[in-house]
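Asker: Note that the sequence shown covers residues -20 to -1, 1 to 159 in mature numbering (1 follows the signal peptide of the UniProt record, and there is no 0).
Pasting in a structure now, in structure tokens, and then I'll have a few things to ask.
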Amino acid sequence: MGNWLRVLAALLLCLHGKRCGIPFTLTQPPSISSSPGNTVKITCTMSGGSIGSHFTSWYQQKPDGAPLFVLYEDSTRGPGIPDRFTGSVDSRSNAMHLTISGVQPEDAADYYCKASDTFGKGTKLSLKNPRGPSVTVLPPSPDQITAKSKATLVCLVNDFIPGAVEVEWTVDGSARSEE
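Shown next as structure tokens:
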């Protein structure tokens, strides 16, 4: 009789749709790029199952950081998560969505969807700098100019996304390396 009750309980949970043990996959775009202030929507599509039959959530992970709980189902945000982060589940498209309104530089991270115990492979959200970097060239010291020997110039680049900027010195249109 005890085994029969366990089977019935498992069947009821499965019929309720939250834990059937049926394998499925979650697909999300590998990357999304946006400018600060825009609205970003990350979509996670389920294959091999019904999204409405699973508990869904979203996680954020920054480089060298632990995953941070962002959102459960479509409304419960994690501690400290601003209300700019909202979620939705669309049974017709069999997908879940994370929407970030007025995206900020601190939102740049990897975002992972989760349904029951299965995670998606993550979407890297990167932000473009709409202004572009600022470049300042600091001149050599007056002593170096007076000595007319070797002059040291310093190039200072601000407001850029690492890896998105290349700096090259040119003299009369020809590339120069450090000498």
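We put the beta carbon where it would ideally sit given N, CA and C, even for glycine.
Between R64 and S81, which are expected to be in contact by the criterion C-beta below 8 Å, what is the C-beta distance as a whole number of angstroms?
Answerer: Right, the Cβ-Cβ distance comes to about 5 Å (below 8 Å), so this counts as a contact.
Asker: Locate the beta strand (DSSP E) running through D70, then write down its first and last residues.
Answerer: Segment 65 to 70, the beta strand (DSSP E) holding D70.
Asker: Quick one: what's S121 bridged to in DSSP?
Answerer: In DSSP, S121 forms no bridge with anything.
Asker: Determine the direct distance from the alpha carbon of E53 to that of F35, and round the result to whole angstroms.
Answerer: Whole-angstrom Cα-Cα distance: 6 Å.
Asker: Per DSSP, what kind of secondary structure is I61 in: helix, strand or coil?
Answerer: Here I61 sits in coil by DSSP.
Asker: A88 by DSSP, collapsed to three states: which one?
Answerer: Here A88 sits in coil by DSSP.
Asker: Just checking, does the region 99 to 110 make contact with the region 124 to 136 on the three C-beta pairs under 8 Å criterion?
Answerer: In short, these stretches do not touch, since the Cβ pair count stays below three.
Asker: Can you tell me which of the three DSSP states S55 falls into?
Answerer: S55: coil per DSSP, three-state reduction.
Asker: What residues in its chain sit with their C-beta under 8 Å from that of P9, if we drop five residues either side in the sequence?
Answerer: Only I22, T23, T103 meet the Cβ criterion.
Asker: Can you give the Cα-Cα distance for P85 and T98, rounded to whole angstroms?
Answerer: If you take the alpha carbons of P85 and T98, they lie about 28 Å apart.
Asker: Could you check what DSSP says for T132 in three-state terms: helix, strand or coil?
Answerer: Three-state result, T132: coil.
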